[in-house]
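Notes follow the structure.
In the UniProt record's numbering, the protein residues as written are 1 to 378.
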């Protein structure tokens, strides 16, 4: 007796009522549809018909997440089997691997945490080797544990154009100093640690000659040095809770969030004359040291004198305003065309805006209500 699915399809076809038009689409269209699904769901389409049986093996964009499995063992088993059965002749364009924390993977006992970290770190090293050997272009790794080392094959991936790495918030995973990614244009790093190179400086991105966009979130340096971001190609930079210094003569967009401790961005305003759009979100803890914070921010704005748009919090404006007599220097934002102020109030004191816009009175001012955003997220 044939399967119920085949019987129903045959009966409908005999009556001339339905035709499986979806399966008649070209492979490229079906593969595009599958690429929009999580990889687990894409594999499950193999039961639809013989037409779909092996399509998933030719996917070039893969998304695997532990959130779709009842426990870590099932997840790791699926990933291993999938990669071993995948069509070796198909290029690997993008690979996204996400393994959530212990309790979210069904591992509730503290005694299992060490096993979790060992299993994940061991398998992530195998994944690195697989994707590099298959000339991956986009790689996104998000695991909530640290790894001991990156495999040697990862150190020189010549096809990689986009890399996103996120590890445990303990910041124990070291970012290698000797990486060589000649095609890399987009880099995002979360919870990594850096150390000084042979010259005693922390310059991890020097060899990335095509880097266009860089994001650093909650990264630290082993020692008291800053991360030196040196790049003539970098145009977009996002930094959250990291100490840094810049040598980026072609930077256009700069976003900062955290507690400002670096007194100068690069020490020369001419080096940042290309920056046009800035977003600064200061941590409320900085309010306790308003004098120090205001001096640092003032130095930053002097270096960013040519910006055309600025997004900033109202309490940051107030810090700068109330210590204006101590600074004794006027702002030089002569080219400012847009000022967006994040606030939980309906208005900003006119004196604050007049002080801040003294050299760009025609700039458009927009208030962004923080209270509204909080309500929407509740």
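Note that beta-carbon positions come from the ideal geometry of N, C-alpha and C, so glycine has one too.
The stretch 149-157 touching the stretch 190-207, judged by at least three CB pairs closer than 8 angstroms: Flag = no, the stretch 149-157 and the stretch 190-207 do not touch.
Delimiting residues of the alpha helix (DSSP H) encompassing residue 293: As a position in the chain shown, residue 293 is number 293, starting the count at 1. 290-303 is the extent of the alpha helix (DSSP H) around residue 293.
Residue 147 CB to nearest heavy atom of the ligand GDP below 7 angstroms: This structure does not include the ligand GDP; it has no bound ligands of any sort.
Given 8 angstroms, three or more beta-carbon pairs between the stretch 37-48 and the stretch 64-78: The stretch 37-48 is in contact with the stretch 64-78.
For residue 311, the residue or residues it bridges with in DSSP: Sequence index remark: in the chain shown, residue 311 carries index 311 (1-based). Residue pairing by DSSP places residue 311 opposite 279 and 340 in a beta bridge.
Cβ pair residue 227, residue 221 closer than 8 angstroms: Residue mapping note: residue 227 aligns to position 227 of the chain shown, counting from 1. Residue mapping note: residue 221 aligns to position 221 of the chain shown, counting from 1. For residue 227 and residue 221, yes; Cβs fall inside 8 angstroms.
Spatial distance of residue 47 from residue 79 (CA atoms): Mapped onto the chain shown, residue 47 falls at position 47. Mapped onto the chain shown, residue 79 falls at position 79. Whole-angstrom Cα-Cα distance: 19 angstroms.
Counted within 10 angstroms of its Cβ, other Cβ atoms place residue 146 as buried (16 or more) or exposed: Numbered from its first residue, the chain shown carries residue 146 at position 146. Per the 10 Å Cβ criterion, buried.
As assigned by DSSP and simplified to three states, the class of residue 89: As a working mapping, residue 89 is identified with position 89 in the chain shown. It is coil, neither helix nor strand.
Residue 254 and residue 278 closer than 8 angstroms at C-beta: Walking along the chain shown from the start, residue 254 turns up at place 254. Walking along the chain shown from the start, residue 278 turns up at place 278. Yes, the pair counts as a contact, with Cβ atoms nearer than the cut-off.
Buried/exposed call for residue 301, threshold 16 Cβ in 10 Å: Taking the first residue of the chain shown as 1, we reach residue 301 at position 301. It is buried - the Cβ of residue 301 has at least 16 other Cβ atoms within 10 Å.
Span separating the alpha-carbon of residue 312 from that of residue 164: In the chain shown, residue 312 corresponds to position 312, counting from 1. In the chain shown, residue 164 corresponds to position 164, counting from 1. Approximately 27 angstroms, taken between the alpha carbons.
Cβ distance (whole Å) where residue 210 is taken to contact residue 173 below 8 angstroms: Along the chain shown, one-based indexing puts residue 210 at 210. Along the chain shown, one-based indexing puts residue 173 at 173. Incorrect: roughly 24 angstroms between the Cβ atoms, too far for contact.
Length of the line joining the Cα atoms of residue 52 and residue 124: As a first step, residue 52 is located in the chain shown; it is residue number 52 there, counting from the start. As a first step, residue 124 is located in the chain shown; it is residue number 124 there, counting from the start. Taking the straight line from one Cα to the other gives about 29 angstroms.
Contact set for residue 103: own chain, Cβ-Cβ below 7 angstroms, skip 5 residues either direction: Here residue 103 corresponds to residue number 103 of the chain shown, with the count starting at 1. Residue confidence is low: residue 103 scores 44 on pLDDT, short of 50, so the model does not pin down where it sits. No coordinate-derived value is stated.
Same chain only: Cβ atoms within 6 angstroms of residue 309, ignoring 5 sequence neighbours per side: Looking up residue 309 in the chain shown gives position 309. Cβ neighbours of residue 309 beyond the five flanking positions: 277 and 338.
Start-to-end residues for the beta strand (DSSP E) that takes in residue 368: Translated into the one-based positions of the chain shown, residue 368 becomes position 368. Looking at the DSSP string, the run of the beta strand (DSSP E) that includes residue 368 is 364-369.
When 217, 284, 236 and 293 are compared against residue 190, the one with the closest alpha-carbon: Residue mapping note: residue 190 aligns to position 190 of the chain shown, counting from 1. Ranking the options by Cα distance to residue 190, first place goes to 217.
Host alpha helix (DSSP H) of residue 41 (start-end): Against the chain shown, residue 41 aligns to sequence position 41. Unbroken alpha helix (DSSP H) run through residue 41: 39-44.
Other residues of its chain near residue 262: CB distance less than 8 angstroms, five sequence neighbours each side excluded: As a working mapping, residue 262 is identified with position 262 in the chain shown. Within the same chain, residue 262 has close Cβ partners 226, 243, 244, 245 and 296.
Straight-line gap, residue 248 to residue 178 (C-alpha atoms, nearest Å): The residue given as residue 248 occupies position 248 in the chain shown. The residue given as residue 178 occupies position 178 in the chain shown. Those two C-alpha atoms are separated by around 20 angstroms.
C-beta contact flag for residue 161 and residue 184 at 8 angstroms: Numbered from its first residue, the chain shown carries residue 161 at position 161. Numbered from its first residue, the chain shown carries residue 184 at position 184. In contact: residue 161 and residue 184 (Cβ atoms closer than 8 angstroms).
Whole-number beta carbon distance between residue 55 and residue 30, since they are thought to touch under 8 angstroms: As a working note, residue 30 is residue 30 in the chain shown. As a working note, residue 55 is residue 55 in the chain shown. Yes, they are in contact, since the Cβ atoms of residue 30 and residue 55 sit about 6 angstroms apart, within 8 angstroms.
Distance CB(residue 231)-CB(residue 208) smaller than 8 angstroms: As a position in the chain shown, residue 231 is number 231, starting the count at 1. As a position in the chain shown, residue 208 is number 208, starting the count at 1. With respect to the 8 angstroms criterion, residue 231 and residue 208 are classified as neighbours on the basis of their beta carbons.
Residue 97: first and last residue of the uninterrupted beta strand (DSSP E) it sits in: The residue you call residue 97 lines up with position 97 of the chain shown. Residues 94-99.
Reference residue 99; option with closest CA among 166, 321 and 34: What you label residue 99 is simply residue 99 of the chain shown in a count that begins at 1. Measuring from the Cα of residue 99, the nearest candidate turns out to be 166.
Run of the alpha helix (DSSP H) containing residue 35, from where it starts to where it stops: By 1-based counting over the chain shown, the position of residue 35 is 35. Looking at the DSSP string, the run of the alpha helix (DSSP H) that includes residue 35 is 27-35.
Close beta carbons around residue 251, own chain, < 7 angstroms, minus the five adjacent residues each side: Taking the first residue of the chain shown as position 1, residue 251 is located at position 251. For residue 251, where only same-chain residues beyond five positions count, the Cβ hits under 7 angstroms are 234, 235, 237, 272, 274 and 275.
N-terminal and C-terminal residue of the beta strand (DSSP E) that residue 229 is part of: To locate residue 229, count along the chain shown from 1; it is residue 229. Taken as a continuous stretch (DSSP letters only), the beta strand (DSSP E) holding residue 229 covers 227-230.
8 angstroms Cβ cutoff met for residue 72 and residue 119: Numbered from 1 along the chain shown, position 72 holds the residue referred to as residue 72. Numbered from 1 along the chain shown, position 119 holds the residue referred to as residue 119. Yes.
Boundaries (first-last residue) of the beta strand (DSSP E) holding residue 142: Mapped onto the chain shown, residue 142 falls at position 142. Its beta strand (DSSP E) spans residues 138-143.
Extent of the continuous alpha helix (DSSP H) run through residue 434: An answer regarding residue 434 cannot be provided, because it is not within the stretch 1 to 378 covered by the chain.
Pairwise C-alpha distance: residue 355 and residue 341: The sequence position of residue 341 within the chain shown is 341, counting from 1. The sequence position of residue 355 within the chain shown is 355, counting from 1. Whole-angstrom Cα-Cα distance: 14 angstroms.
Buried or exposed (CB count within 10 angstroms, at least 16 for buried), residue 293: In the chain shown, counting from the first residue as 1, residue 293 sits at position 293. Label assigned to residue 293: buried.
Where residue 347 falls: helix, strand or coil (DSSP): Counted from its first residue, the chain shown places residue 347 at position 347. Coil.
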